[in-house]
Amino acid sequence: MRVLAVGHPSFMLHHQGNWHPERPDRLNAARAGLEIAPVEIVELEAPRIASAVLQRLHTAEYVTAIEGFCAAGGGALDSDTYAVVESWEAAIRSAGAGPAAVDRLVAGDADAAFCLVRPPGHHALANRAMGFCIFNNAALTARYLTDMGQKVLIVDWDVHHGNGTQDLFISDGNVLYISVHQFPFYPGGGWLDEFGYGPGSGKTINIPVPARTTGDIYREAFRRVVLPVARQFGPDWILVSSGYDAHRADPLAEVMLVEADYAYMANSLVGLVPAGRTVVFLEGGYDLDAVRDSVAATFAGFAGVIDPNARSHGESDAGAWRSLEMVERAVGEFWEVR
Ligand SMILES: [Zn+2]
């Protein structure tokens, strides 16, 4: 399996001191994980996103404000999101990684792509930076694809709800957004009854899970909900907002996944779209060893090299199973589940 590794040196320069969990070392860890995965790596430099593509989702005022804020030295965009002078270059190239990957995949140069980007994207709104994110890298790629008439499934297994991505496609019938996330938790949304509206009705699926949930629930959620809904939707492309902060070692959250769970989830997506139609985006993940090993497991899963006996860590409690049943019932109003 050939995987485009989409990166740029500027991603290492978006940096506000090692006290901040969203730090450059995360990218080295993710890259190391890709290098130990059973895949062939094809390098691709992330270009700056075209302004017209960036402004398909972000307002011109917001883009100009971010550029000016960085040029003036940067600072705090909100209580946990920073920018420095170098962040502008990093942000516009992180946003440009996905569309460039799409072009190369369409040309037949690889079987999948991994956008090794910083800052991450899934909390970013049309006109607001949030949760370490400036521009919404995965969402911009989805819009780039729908503008070409493609149907896009976005699977978001970052432990946090991707409020930005959900909001940008809340009424869009060509983008199916499915998020599994700790709940209640930052950033506050992602309730199971948020299904979208208009043409987007039923095209937002939230699978909230309580703290201490382990991989058994994630695997069952994929079997019962994610995969049946995805098959009925019939995507042309899959984008994965691949945070690794649901790993049990992660310091920012309380979900209990292990590497084998990422391998399982990635492997289960194989076959939903043809080869060359999957783009994975690094989102969160703050324990470096967990990021490295989980990235390796993710791409082993996509490559079909998985150990079917690799277990989750422990078992989820009855409350987690009840919440999955509630999701299944709610989603069943829109789609056939199981
Ligand atoms: Zn996260």
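Be aware that the sequence shown starts at 2, since it is given in my numbering, and climbs by one per residue.
Cβ atoms here follow ideal geometry from the backbone N, Cα and C, with glycine treated the same way.
Using the DSSP secondary-structure output, state which residues sit across from residue i in a beta bridge.
i, result
"T215", "M257"
"N207", "S180"
"M131", "C134"
"F282", "C116 and S242"
"V328", "The partner list for V328 (beta bridge, DSSP) is empty, contrary to what the question assumes."
"R3", "E41"
"A77", "Y83"
"G8", "E46"
"H248", "L258"
Might you give, ordered along the chain, the residues of its own chain that have their beta carbon closer than 6 Å to the beta carbon of residue i, omitting 5 neighbours on each side?
i, result
"T279", "A113 and I239"
"W89", "E68 and C71"
"G277", "L106 and D112"
"H248", "L258, A291 and S295"
"A254", "V160, Q183 and D246"
"G165", "H123, H124, A125, L126 and N137"
Count the other C-beta atoms from every protein chain shown that fall within 10 angstroms of the C-beta of residue i, then say buried if there are 16 or more, exposed otherwise.
i, result
"V107", "exposed"
"S243", "buried"
"A53", "exposed"
"S324", "buried"
"P236", "buried"
"T65", "exposed"
"H21", "exposed"
"R232", "exposed"
"G286", "buried"
"N128", "exposed"
"R339", "exposed"
Three-state secondary structure (DSSP) at residue i?
i, result
"S317", "coil"
"A194", "Looking at the sequence shown, residue 194 is not Ala but Asp. In this structure, D194 counts as coil in the three-state DSSP scheme."
"R339", "coil"
"L154", "strand"
"L58", "coil"
"L35", "helix"
"L273", "coil"
"L106", "helix"
"L126", "strand"
"D342", "What is shown of the chain runs 2 to 339, which leaves residue 342 out entirely."
"M13", "helix"
CB-CB under 8 Å to residue i, same chain, minus the five flanking residues each way: which ones, in chain order?
i, result
"G75", "Y83, A84, V85, V86 and S88"
For residue i, which residues of its own chain have a beta-carbon under 7 Å away from its beta-carbon, when the five flanking residues on both sides are left out?
i, result
"H194", "The sequence shown places Asp at residue 194, rather than the His named in the question. Within the same chain, D194 has close Cβ partners A331."
"T205", "Q167, I171, Y178, E195, F196 and G197"
Would you check if there are 3 or more beta carbon pairs closer than 8 Å linking the stretch 177-195 to the stretch 150-166? yes
Would you check if there are 3 or more beta carbon pairs closer than 8 Å linking the stretch 300-309 to the stretch 197-209? no
Is the stretch 133-146 close to the stretch 90-105, with three or more CB pairs under 8 Å? yes
Can you confirm whether the stretch 11-25 touches the stretch 115-122 when touching is taken to mean that 3 or more C-beta pairs between the two stretches lie within less than 8 Å? yes
Touching or not, the stretch 302-317 and the stretch 259-270, by the rule of three or more beta carbon pairs under 8 Å? yes
Pair every Cβ in the stretch 140-153 with every Cβ in the stretch 169-178, then say whether three or more of these pairs are closer than 8 Å. yes
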